[in-house]
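S.K.:
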Amino acid sequence: MAAKAYVIGVGMTKFEKPGRREDWDYPAMAREAGTNALADAGIEYSRVRQAYVGYVYGESTSGQRSVYELGLTGIPVVNVNNNCSTGSTALFLATQAVRGGAVDCALALGFEKMQPGSLGATFEDREQPMMRHLLALAELEEFAMPPAPYMFGAAGREHMRRYGTTAEQFAKIGVKNHRHSANNPYAQFQDVYELDEILAAPEVYAPLTRLQCSPTSDGSGAAIIAGESFVDEHGLADQAVEIAGQSMVTDLPGTFEDRSAISLVGAGMTRVAARQVYEQAGIGPSDVDVIELHDCFSTNELITYEALGLCAEGEGGKLVDSGDTTYGGRWVVNPSGGLISKGHPLGATGLAQCAELTWQLRGTAGGRQVPGAEVALQHNIGLGGAVVVTAYRPANR
0 MAAKAYVIGV GMTKFEKPGR REDWDYPAMA REAGTNALAD AGIEYSRVRQ AYVGYVYGES
60 TSGQRSVYEL GLTGIPVVNV NNNCSTGSTA LFLATQAVRG GAVDCALALG FEKMQPGSLG
120 ATFEDREQPM MRHLLALAEL EEFAMPPAPY MFGAAGREHM RRYGTTAEQF AKIGVKNHRH
180 SANNPYAQFQ DVYELDEILA APEVYAPLTR LQCSPTSDGS GAAIIAGESF VDEHGLADQA
240 VEIAGQSMVT DLPGTFEDRS AISLVGAGMT RVAARQVYEQ AGIGPSDVDV IELHDCFSTN
300 ELITYEALGL CAEGEGGKLV DSGDTTYGGR WVVNPSGGLI SKGHPLGATG LAQCAELTWQ
360 LRGTAGGRQV PGAEVALQHN IGLGGAVVVT AYRPANR
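Residue 347 in numbering that gives the first Met the number 0 sits at position 348 of the sequence shown, and the numbers go up by one each step.
Below is the structure:
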């Protein structure tokens, strides 16, 4: 049986519109997030034995350059890139190193310095990694640009055709997440919108309007992962959060064989990973109190409700209408504001989710605190593809 692993410190920067902070380069972002995580854990960087550093857009050893801002200790530094699940992949690797006994303390750090506007390709002289997915989707829905809203919008359209889900139900997710972010000082946006404003925003790819789409962002997040003996040695049990279950799953045959836009955006991967995590942690969806999930688009949040088992397949729209995904309901989903309103610097997103859930389980999330939160669930997906699902609970309960 694998040893236990705990989050003992977290830190992040405020997420910003690209270029908003002049001369804010990725080493400075990483220094801020990493320094905050170390201070939260109450340890020096010299106690960290390995570092896993995630980013999507950057040069080959940007991971080393970023953590050199924290110190020069000679430890292994691994650069990580797994599309939008990059941050949680770094977390997965750090946790694996601790659980497997390779090290007693590891750093997971992620950052992104992005260009404004829709995501684009960096290399034009080779096949794009999403090409197989896009070609499969083009057989189902006429191709449109930009690719990301096309893919997730097409999944939403399929859900509407199959189950009668409405544009208003997707838009309500945008309302919720923008409202949640009003209490998050780290969020890129803190504006609150009514349903008619979400629906009336410029259309990106129906049913998605701009206020239902995550923006490009600059920012960084970090987490310190440690083993049980390290927690005991440093007296960290009161603040440590156990990683009770964690799974990474990549594309399965059904991704392409189902001939489904919903499958092509990763619902099958999520379903398998969630099942594995529930089994590891000895919990079910009904035991979870607070969730940070990958709402790159409102359509994906609704689809993910079903893949995580919060409701039956096809019932996501009814779950939205019930109010059970916000304060006063069965779960609070994306109390941070999610990717839609908090922002989405690709390499940092998964670690910002980890930070939010750590604060929630400690009871230190301020105005967005979920009362009595004892079990948390994280979902971070990157197309092409990988999903990481993680369950957390306080070490001292």
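We treat Cβ as the ideally placed atom computed from N, Cα and C, and that holds for glycine.
Skipping 5 residues on each side, what residues in its chain have a beta carbon closer than 6 Å to that of R46?
M.R.: Contacts found: C104.
S.K.: Could you tell me whether the Cβ atoms of L108 and L292 are closer together than 8 Å?
M.R.: No, they are not a contact pair.
S.K.: Please state whether the Cβ-Cβ distance between S335 and A186 is less than 8 Å.
M.R.: Yes.
S.K.: Run through DSSP, which three-state label would C295 get?
M.R.: C295: coil per DSSP, three-state reduction.
S.K.: Any idea which residues DSSP pairs R392 with across the strands?
M.R.: Its beta-bridge partners are E241.
S.K.: Closer than 6 Å by C-beta to H132: which residues in its own chain qualify, once you throw out the five before and the five after it? Chain order, please.
M.R.: These residues qualify, in order along the chain: L263.
S.K.: Helix, strand or coil: which one does DSSP assign to H378?
M.R.: Looking at H378 - three-state DSSP - the assignment turns out to be strand.
S.K.: Do you know whose CA, among A38, Y192, V9, H378, lies nearest V174's CA?
M.R.: Checking every option, the nearest Cα to that of V174 belongs to Y192.
S.K.: What residues are listed by DSSP as bridge partners for A385?
M.R.: Beta-bridge pairing links A385 to T249, G381.
S.K.: Tell me, to the nearest whole angstrom, how far the beta carbon of Y162 is from that of G316; I am working on the premise that it is less than 8 Å.
M.R.: Indeed, because the Cβ distance is near 7 Å, the residues count as touching under 8 Å.
S.K.: To which residues does DSSP link T208 through a beta bridge?
M.R.: E202, per the DSSP bridge assignment.
S.K.: Between H158 and I74, what straight-line distance do the alpha-carbon atoms span, to the nearest angstrom?
M.R.: So the alpha carbons of these two residues sit roughly 47 Å apart.
S.K.: Between the Cα of T60 and those of A222, G70, V77, spot the shortest distance and give me the residue it belongs to.
M.R.: For T60, the nearest C-alpha among the options comes from V77.
S.K.: Looking only at C-alpha atoms, which of C295, T164, V369, T215 sits nearest to P344?
M.R.: Of the listed residues, the one whose Cα sits closest to P344 is T215.
S.K.: Please name the residue or residues paired with E15 in a DSSP beta bridge.
M.R.: BP columns for E15 point to D217.
S.K.: Drop a sphere of 10 angstroms on the beta-carbon of R270, count the other beta-carbons inside from all chains shown, and report buried for 16 or more, exposed for fewer.
M.R.: When all chains shown are included, R270 counts as buried.
S.K.: Output needed for G244: all residues of its chain with C-beta closer than 6 Å, excluding positions within five of it in sequence on either side, in chain order.
M.R.: V276, Q279, A280, A390.
S.K.: Would you identify the three-state DSSP class for G109, choosing helix, strand or coil?
M.R.: Correct three-state label for G109: strand.
S.K.: Take the Cβ of F142 as the centre, count every other Cβ of all protein chains shown within 10 Å, and call the residue buried at 16 or more, exposed below.
M.R.: Its Cβ having fewer than 16 others within 10 Å, F142 is exposed.
S.K.: With distances taken from CA atoms, which of A40, D24, G33 is nearest D237?
M.R.: Among A40, D24, G33, the Cα nearest to that of D237 is on A40.
S.K.: Can you have a look at D124 and say buried or exposed, based on whether 16 or more other CB atoms are within 10 angstroms of its CB?
M.R.: By the 10 Å Cβ count, D124 comes out exposed.
S.K.: Taking the alpha-carbon positions, what's the G322 to V287 distance?
M.R.: Computed Cα separation, rounded: 16 Å.
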